[in-house]
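Accompanying notes for the structure given below.
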Amino acid sequence: MSEFRVLFVDDEADFRETLIKRMQKRHVEAFGVRSGEEALDWLREHPTDLVVLDVRMPGMDGIQTLRAIKRDHPLLEVILLTGHANLEIAREGMQLGAFDYLMKPIDLDELLYKLEDAYQKKTIQEHKIKNIEGVIESRK
5 MSEFRVLFVD DEADFRETLI KRMQKRHVEA FGVRSGEEAL DWLREHPTDL
55 VVLDVRMPGM DGIQTLRAIK RDHPLLEVIL LTGHANLEIA REGMQLGAFD
105 YLMKPIDLDE LLYKLEDAYQ KKTIQEHKIK NIEGVIESRK
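First residue of the sequence shown: 5, per this note's numbering; consecutive thereafter.
Here you go:
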């Protein structure tokens, strides 16, 4: 069904593993890590299309991780997740380039829809960049 790879970043092991299993049953390549630091390491080593990122984690929190992801991988789409309603954090995340913000507990179908939408946005951006690069090369 889906041709994208998703990294789930959440310090709650049961929640993270359940999401991964449920996504894999829907034929989504899903992987998981427990911290922002681990996410950055993972992204350096593994091609990934999308990140689902918990906002509240010990150590590097979701907003700090989002900043680092967008700095190092600007086309990577990130969906923020939290169990705590906080409009300020949602606003800050969106300003930093998050694709969307969802509340726990999440509806799996809604998450899958958001992932597909985020992947489509990423694909369009990559296509535009390739077209621009092609035009620049042809003018040399």
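For every residue, glycine included, the Cβ atom is placed at its ideal position computed from N, Cα and C.
Predicted model only: the values in this text are computed from it and were never measured.
{"Asked": "Cβ separation of G97 and T69, assumed to be a contact under 8 Å, to the nearest whole Å", "Found": "About 10 Å separates the two Cβ atoms, so there is no contact after all."}
{"Asked": "Sequence ranges, beta strand (DSSP E) only - wholly within the segment 52-93, length at least 3", "Found": "54-58, 81-86"}
{"Asked": "Alpha-carbon to alpha-carbon, R9 and D34", "Found": "Sequence check: residue 34 is Ala here, not Asp. Roughly 6 Å between the two C-alpha positions."}
{"Asked": "Under the three-state DSSP convention, the category R143 falls into", "Found": "coil"}
{"Asked": "Among I128, K144, F103, nearest to L57 - alpha-carbon criterion", "Found": "F103"}
{"Asked": "Under 8 Å between C-beta atoms of E81 and K126", "Found": "yes"}
{"Asked": "I128 classed as buried or exposed, judged by whether at least 16 other C-beta atoms fall within 10 angstroms", "Found": "exposed"}
{"Asked": "Buried or exposed by the 16-neighbour rule on C-beta atoms within 10 Å, applied to G66", "Found": "buried"}
{"Asked": "Buried/exposed call for Y123, threshold 16 Cβ in 10 Å", "Found": "buried"}
{"Asked": "Beta strand (DSSP E) segment containing F103, residue limits", "Found": "Premise fails: F103 is in no beta strand (DSSP E) and is neither H nor E."}
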